[in-house]
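A short worksheet on the structure shown next.
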Amino acid sequence: MQNAIVNNQIINGKSFKKLLKNLKKIMPIEKKEQLDADTIIERLNLALSFDRPVKMQINCEAYSDRVMNFSGKLIQTNNGNLLIQSKNDLTKIHAAQIRHLKLIRE
Numbered sequence: 005m006q007n008a009i010v011n012n013q014i015i016n017g018k019s020f021k022k023l024l025k026n027l028k029k030i031m032p033i034e035k036k037e038q039l040d041a042d043t044i045i046e047r048l049n050l051a052l053s054f055d056r057p058v059k060m061q062i063n064c065e066a067y068s069d070r071v072m073n074f075s076g077k078l079i080q081t082n083n084g085n086l087l088i089q090s091k092n093d094l095t096k097i098h099a100a101q102i103r104h105l106k107l108i109r110e
């Protein structure tokens, strides 16, 4: 009986998490202030040099209100590409699209 209750709670927890994830996709994202290029470069260098996780907001398209949030570890490839590694994804980031970047304390 207790196993059934625990399993039911796990299933309900997973369903709730999925619901929140789907809600997050349709809810508008609060736009952070657009940082100047020097500040972004400085924070990118710190994140890459000290292997610090970051929270990042990028502009999805030029002259658009659409933004996306990312968090994770930044990686720079040998040819200079920037990647952000979150728990489940590895995403290529174009530096010119970065709107806001914040280093996270571990």
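Mapping of the sequence shown onto this note's numbering: residues 5 to 110, in sequence order.
Just so you know, even glycine gets a beta-carbon here, dropped at the ideal spot from N, CA and C.
None of these values were measured; they are calculated from a predicted model.
Where Ile-79 falls: helix, strand or coil (DSSP): Position 75 of the sequence shown, counting from 1, holds the residue named residue 79. Ile-79: strand per DSSP, three-state reduction.
Given this structure, state the Cα-to-Cα distance separating Pro-57 from Lys-106, to the nearest angstrom. What you label residue 57 is simply residue 53 of the sequence shown in a count that begins at 1. What you label residue 106 is simply residue 102 of the sequence shown in a count that begins at 1. Near 9 Å, if we compare the C-alpha coordinates of Lys-106 and Pro-57.
By Cβ distance below 7 Å, which residues in the same chain neighbour Ile-102 in space, the five residues on each side in sequence not counted? Residue numbering aside, residue 102 sits at position 98 when the sequence shown is read from its first letter. For Ile-102, where only same-chain residues beyond five positions count, the Cβ hits under 7 Å are Ile-44, Met-60 and Ile-62.
Using the rule of at least 16 other Cβ atoms within 10 Å of the residue's Cβ for burial, across every protein chain shown, is His-98 buried or exposed? If you number the sequence shown from 1, residue 98 lands on position 94. The residue is exposed, with fewer than 16 neighbouring Cβ atoms inside 10 Å.
In whole angstroms, what separates the C-alpha of Leu-94 from that of Glu-46? What you label residue 94 is simply residue 90 of the sequence shown in a count that begins at 1. What you label residue 46 is simply residue 42 of the sequence shown in a count that begins at 1. So the alpha carbons of these two residues sit roughly 22 Å apart.
If you reduce the DSSP assignment to three classes, tell me which class Arg-103 lands in. As a first step, residue 103 is located in the sequence shown; it is residue number 99 there, counting from the start. Strand, per DSSP.
Classify Ile-108 as buried or exposed, calling it buried when 16 or more other Cβ atoms lie within 10 Å of its own Cβ. Within the sequence shown, numbered from 1, the residue matching residue 108 stands at position 104. Ile-108 is exposed by the Cβ-count criterion.
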